[in-house]
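Protein chains in written order, with my numbering: chain H, 109 to 249; chain W, 109 to 249. Glycine included, each C-beta is placed from N, C-alpha and C at the ideal position.
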DNA sequence: TTAAAAATTTAGACTATGTCTAATGTTAGA
DNA sequence: TCTAACATTAGACATAGTCTAAATTTTTAA
C-alpha cells in the first residue's frame, strides 16, 4: 500500500509514526471490517510480533485522538475501529454486532433552536438491522 | 406518575411486572438523564433496597429485549439507558460523555441499492460535540 | 558526536463493567 | 393447594480496557 501516505498522515498530529503505530494504521487501511482492539493486536503481531497489548490499546487511543481513526461503540460488545478514509455511515447488525460501511450522504442538521448552547461537531447516522449474513435467506419469516 | 401505564406496558412483552422491574421503568421514565446501569442500581436501592446488582443488570437487558428501554453505547464509557417514550435523537458530549435527547425529525433512508440484502430496522441519528456544561462560555476560543 | 530530555514501548497488575451459576423465593394457573 | 415456570440473589467469574514503573528509542541541543 501507500507507505508514504500513511507516514505523512502523522505529520502535525503530534504523534510519531512508530513501527507499532504504522502497523495499526496499515492494517486498518487494508481492512474495512471494523476490527476490535483485540483483533488488531492479534493481526499486527501475526506479521511481526513487536507490539504489546498495552501499546496497541494506547496507540488506538492516540490515533483516535489524532483524528486518524474512528472508534465505534457497539452495545454489549467491544469497541470497533476504522481508518477515517472516505466519509461513510455505519450499519450495525442486531444479531452479530458486526459493523459495515454504508455510502455516505448528507444528513439534515437539527434546528439551531433545539441545539441551544451546545457546540455541534458532527452528525452521524447509524443504521440497525440484520446484515447480509444474519438476514433470513428467502422470504421465510 | 402513571403506575397503571407502566404496568400495562409490560403486557404482551413476555415479562412480568415485578417490583424490581417496575422500579427500573419508573426511574427511567422520571429521569431523562440516560443513567448507567450502576446509577440505576444505586438510585433504585436508595428508595427501597430490594433489587440486587445482578437483577438490575438482568432486568435492564430484559427491558431492552422487550423494546421498552433503549441502550446507548458510548465510546470508552459505561452503557446508558432511556425509556423509549417519544422518539428522539441523541447528542453525546465529546468531553463528559453525557447523553441528551434532541427533538426528533425524519431521517432520509439510504438507497435500497446500497443496502443490498440487509434488513433495515431503524435509522438513528447521533450528534456529537460539547454539551452546554462543557462548551466554552463566551466566544473565547 | 554525545549527553540529556522527551516520547514510546512493555509486562503485568489493576479497574470497570457486565455475565453466570446454583440456590432460593414468588406467582399464575390447573 | 400444588406445581411448574418465572424471578431474584450473592458472589464467583469473564471481558475489555487502563495504569504503573522500568526499559528503550528518538530527538534536541550543545
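| query | result |
| --- | --- |
| With H, G and I counted as helix, E and B as strand and the rest as coil, what does DSSP make of residue 265/H? | With chain H covering only 109 through 249, there is no way to say anything about residue 265/H. |
| Just verifying my parser: in three-state terms, what is the DSSP assignment at residue 182/H? | coil |
| Between which two residues does the alpha helix (DSSP H) holding residue 203/W run? | First-last for residue 203/W: undefined, no H or E at that position. |
| How big is the Cα-Cα spacing for residue 240/H and residue 201/H? | 9 Å |
| Whose CA, out of 213/W, 228/W, 214/W, lies closest to the CA of residue 220/W? | 228/W |
| Ordered along the chain, which non-local residues of its own chain (more than five positions away) have a Cβ less than 8 Å from that of residue 192/W? | 175, 176, 177, 178 |
| Relative to the ligand FMN, is the shortest distance from any of its heavy atoms to the C-beta of residue 200/W smaller than 7 Å? | The ligand FMN is not part of this structure, which contains no ligands at all. |
| Label residue 131/W either buried or exposed according to how many other C-beta atoms from any shown protein chain fall within 10 Å of its C-beta, with 16 as the threshold for buried. | buried |
| For residue 208/H, which beta-bridge partners are listed by DSSP? | 199/H |
| Work out the CA separation of residue 245/W and residue 198/H for me, nearest whole Å. | 33 Å |
| CA-CA distance, residue 129/W and residue 127/H? | 51 Å |
| Give the residues of chain W in contact with residue 237/H, contact being defined as C-beta atoms less than 8 Å apart. | 226, 227, 228, 229, 230 |
| Among 122/W, 203/W, 181/W, whose alpha-carbon lies nearest the alpha-carbon of residue 173/H? | 203/W |
| If you follow the beta strand (DSSP E) that residue 223/W is in, where does it begin and where does it stop? | Premise fails: residue 223/W lies in the alpha helix (DSSP H), 220-223, not in any beta strand (DSSP E). |
| If you drop the 5 nearest sequence neighbours on each side, which residues of the same chain put their C-beta closer than 8 Å to that of residue 164/H? | 128, 132, 145, 148, 149, 152 |
| From the DSSP output, which residues share a beta bridge with residue 177/W? | 191/W |
| Which same chain residues, not among the five before or five after residue 123/H, have their C-beta less than 8 Å away from its C-beta? | 129, 170, 171, 174 |
| Which residues of chain W have a Cβ atom closer than 7 Å to the Cβ of residue 202/H, listed in chain order? | 229 |
| Can you find a C-beta in chain H that's less than 8 Å from the C-beta of residue 177/W? | no |
| Could you tell me whether any Cβ in chain H is nearer than 8 Å to the Cβ of residue 171/W? | no |
| Do we get a CB-CB distance below 8 Å when we pair residue 149/W with the residues of chain H? | no |
| How would you write the range of the beta strand (DSSP E) that residue 245/W sits in, first residue to last? | No beta strand (DSSP E) contains residue 245/W, which DSSP labels as neither H nor E. |
| Quick one: does residue 210/H have its CB under 8 Å from some CB of chain W? | yes |
| Closest Cβ-Cβ distance between residue 181/H and chain W: below 8 Å? | yes |
| What does residue 168/H touch in chain W if you count any residue whose Cβ is under 8 Å from its own? | Residues of chain W passing the Cβ test: none, with the nearest at roughly 11 Å. |
| If you drop the 5 nearest sequence neighbours on each side, which residues of the same chain put their C-beta closer than 8 Å to that of residue 110/W? | none |
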